[in-house]
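Novice: Mind having a look at this structure? Questions to follow.
Set out below in structure tokens:
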């Protein structure tokens, strides 16, 4: 058995967005002959259209490759990981299933913030890391500079770093040999009770919910009665496959050290959560695999159908998406301004964008999303602590003892010429500088603690525009801190519009309110009566703009004649406008809700 374990290598690829991870995965798959020329497509591991368009990996994929090294057959399991911080929990589970990782760095761009974050997860899992410089065929490639940068920033020895080009197919065979030489084979006991980690799960229309697992001890066989330790349920194994992006290969059992897909015939993914442990129902393993935690939403937003009749369609669409994405949380909510919709919890901003885009594309819905908010911890005067996701749930000011808001630790790597712009931007967003070090003369690493609320709107866009796209940014949650916060309401014609309420620092309330009412004045169409737009904190109005009424010339029919006749008509018009103002309703256009997102 040890002999068969020694012929397996489980590895993952870590890289920043656009450093060539998917292209390198394609190259390895082709070099091992897992896919014929005819079946090959670019980014074969990325199965969603959005992934291919944006050049990002959202769902981690895996593939089992066969490779001959010195005449001996080896099994290579490539466990692909998403690169973005929003999916860092999935990354940590994928890396826990490997013994080694390829650290891919673009030879022309160097180390980026995201690379560092994922390398630390790999180091926590004690993985063997092989540094690889990709895109060495580019004219701007500077391998020596990038090697010294990796050594300095991450502390990895780069004297044996491989130089490859996935696009030009340079150095791929050497890379495959290095994987076998340097990455240790999996450890495990075939005789021990079954112990396997679920590191991904998704829904298949024909087979139901599928779990992608790495077996650490024992084996999983077709017909076996297995027990899932987190959910406490047992199921029969209906089928087993080895992963492959195009055609999965059936098998009777998945042995210790191997990676495979388990078919349990379940109707949803919630029972097979990522990070959970599978064991045998009769002969259970003593300890589950450490590190399991349910997915925690980080950002919340209201999602509403523009056409209110489509509420049920939106519910169906969210339920179908939840089959594929167990981290999605949603509950129905109503808004006076927007009607019926859902409060949806996301792992982060990219996750929110992707889910909204998938709902619109895959299910043909027209949606409006409210401004994203985070979860606040509110201590009331009677000592009760409540968690709040929606500003409209905030208790009245006199009942609040304190409000705590979540913070993140942000890592920013930026060319030194844009350092001033970044410091200005982050200090505007209430960031506290913790660290600043020069990686080289031209590149600076900054570490800040920033309130999460300040980065959920448009921080990333602003960061990219003030550095011409050269900055890279990564963040991780670090807990709650007390803040001097208030709820800012927008009133249109005297009525509070609940979907426009936001929680802001007291010091910024006036300028935020002023900017918002000015933006709203431009958007709200003129009515037959004058409309007051006000920003208020509690009952105190802090800013106001007025949308003038549309005039109708009621005296047009009077030619000559007595002035009193004209005055009588104008007085009558004035009375009518007064009455309309008292009972008139203002319908807010969709752009009004986007105005909240646009203000800086």
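In full-length UniProt numbering, the protein residues as written are 1 to 600.
Cβ atoms here follow ideal geometry from the backbone N, Cα and C, with glycine treated the same way.
Please return the same chain residues whose Cβ sits closer than 6 Å to the Cβ of residue 6, not counting the five positions on each side in sequence.
Specialist: 185.
Novice: Give me whichever residues DSSP pairs with residue 533 in a beta bridge.
Specialist: 492 and 545, per the DSSP bridge assignment.
Novice: Return the residue from the list 284, 110 and 327 that minimises the CA-CA distance to residue 193.
Specialist: The shortest Cα separation from residue 193 among 284, 110 and 327 belongs to 284.
Novice: Residues in the same chain with beta-carbon distance under 6 Å from residue 204, minus the five sequence neighbours each way, listed in chain order, please.
Specialist: So the list reads 210, once near-sequence residues are dropped.
Novice: Please confirm whether residue 139 and residue 156 have their CB atoms less than 9 Å apart.
Specialist: No. Outside cutoff.
Novice: Taking Cβ positions, are residue 8 and residue 101 nearer each other than 9 Å?
Specialist: No, these two residues do not count as a Cβ contact at 9 Å.
Novice: For residue 606, does the count of other Cβ atoms within 10 angstroms reach 16, so buried, or fall short, so exposed?
Specialist: With the chain running from 1 to 600 in the structure shown, residue 606 is simply not present.
Novice: For residue 152, which residues in the same chain have their Cβ closer than 7 Å to its Cβ, ignoring the five residues on either side in sequence?
Specialist: Excluding positions up to five away in sequence, the list reads 439.
Novice: Let me check understanding here. Comparing Cα to Cα, which of 252, 404 and 417 lies closest to residue 482?
Specialist: The option with the nearest alpha carbon to residue 482 is 404.
Novice: Would you decide whether residue 198 is buried or exposed? Buried here means 16 or more other CB atoms lie within 10 Å of its CB.
Specialist: Per the 10 Å Cβ criterion, buried.
Novice: Are there 16 or more other CB atoms within 10 angstroms of the CB of residue 309, so buried, or fewer, so exposed?
Specialist: Exposed.
Novice: Tell me which same chain residues have a C-beta within less than 8 Å of the C-beta of residue 430, skipping the five on either side of it?
Specialist: Closer than 8 Å at Cβ, skipping near neighbours: 450, 451, 454 and 505.
Novice: Residues in its own chain within less than 6 Å of residue 1 by CB, not counting five upstream and five downstream?
Specialist: Confidence at residue 1 is low in this model, with a pLDDT of 45, below 50, so the placement of that residue is unreliable and no value is reported for it.
Novice: Can you round the beta-carbon distance between residue 609 and residue 164 to whole angstroms, since I take them to be within the 8 Å contact cut?
Specialist: The structure shown does not extend to residue 609, since the chain is modelled only from 1 to 600, so the question has no answer here.
Novice: Do the segment 207-227 and the segment 255-274 make contact, defined as three or more Cβ pairs closer than 8 Å?
Specialist: Judged by Cβ distances under 8 Å, the segment 207-227 makes contact with the segment 255-274, as three or more pairs qualify.
Novice: From the DSSP output, which residues share a beta bridge with residue 480?
Specialist: DSSP lists 406 as partners of residue 480.
Novice: Give, in chain order, every unbroken run of the beta strand (DSSP E) that is at least 3 residues long and sits entirely within the segment 389-471.
Specialist: Taking only runs of at least 3 residues, the beta strand (DSSP E) segments lying wholly in the segment 389-471 are 400-415, 432-438 and 443-451.
Novice: Taking three-plus beta-carbon pairs below 8 Å as touching, is the segment 503-519 in contact with the segment 557-567?
Specialist: In short, these stretches do not touch, since the Cβ pair count stays below three.
Novice: With the cut-off set at 9 Å, would you say residue 330 and residue 322 are in Cβ contact?
Specialist: Yes.
Novice: State the Cα-Cα distance for the pair residue 363 and residue 552, rounded to the nearest angstrom.
Specialist: Cα-Cα distance, rounded: 45 Å.
Novice: Just mark residue 200 as buried or exposed, buried being the case when its beta carbon has 16 or more other beta carbons within 10 Å.
Specialist: Classification for residue 200: buried.
Novice: Return the bridge partner residues of residue 277 from the DSSP annotation.
Specialist: The partner list for residue 277 (beta bridge, DSSP) reads 197.
Novice: Name the DSSP beta bridge partners of residue 235, please?
Specialist: Its beta-bridge partners are 226.
Novice: Note down, one range per segment and in chain order, each beta strand (DSSP E) of at least 3 residues found wholly within the segment 284-321.
Specialist: Correct list: 299-305.
Novice: Once DSSP output is grouped into helix, strand and coil, what is the label at residue 510?
Specialist: Helix at residue 510.
Novice: Pop quiz: residue 349 and residue 299 are said to be a contact at Cβ under 8 Å. What is the actual Cβ separation, rounded to whole angstroms?
Specialist: The pair is a contact, with the Cβ atoms about 6 Å apart (cut-off 8 Å).
Novice: Which of helix, strand or coil does DSSP assign to residue 387?
Specialist: Strand.
Novice: Which complete alpha helix (DSSP H) runs does the segment 96-138 hold, if anything under 4 residues is left out?
Specialist: Here the runs fully enclosed are 113-124.
Novice: Could you check what DSSP says for residue 369 in three-state terms: helix, strand or coil?
Specialist: Correct three-state label for residue 369: strand.
Novice: Could you tell me which of 446, 530 and 575 sits nearest to residue 116, measuring between CA atoms?
Specialist: Of the listed residues, the one whose Cα sits closest to residue 116 is 446.
Novice: Taking the alpha-carbon positions, what's the residue 333 to residue 379 distance?
Specialist: If you take the alpha carbons of residue 333 and residue 379, they lie about 24 Å apart.
Novice: Between 23, 352 and 456, which has its C-alpha nearest residue 166's C-alpha?
Specialist: It is 23.
Novice: Hey, how far is the Cα of residue 27 from the Cα of residue 173?
Specialist: Residue 27 and residue 173: Cα-Cα distance of roughly 10 Å.
Novice: One question on the structure: do residue 325 and residue 269 come within less than 9 Å of each other, judged by their Cβ atoms?
Specialist: It is a contact, given that the beta carbons lie within the stated cut-off.
Novice: Quick one: give me the first and last residue of the alpha helix (DSSP H) that residue 377 is part of.
Specialist: Where residue 377 is concerned, there is no enclosing alpha helix (DSSP H), although the beta strand (DSSP E) it sits in stretches over 376-380.
Novice: For my contact list, residue 92 and residue 129 are in at a C-beta cut-off of 8 Å; report their separation, rounded to the angstrom.
Specialist: That belief does not hold up - the Cβ atoms of residue 92 and residue 129 are roughly 15 Å apart, past 8 Å.
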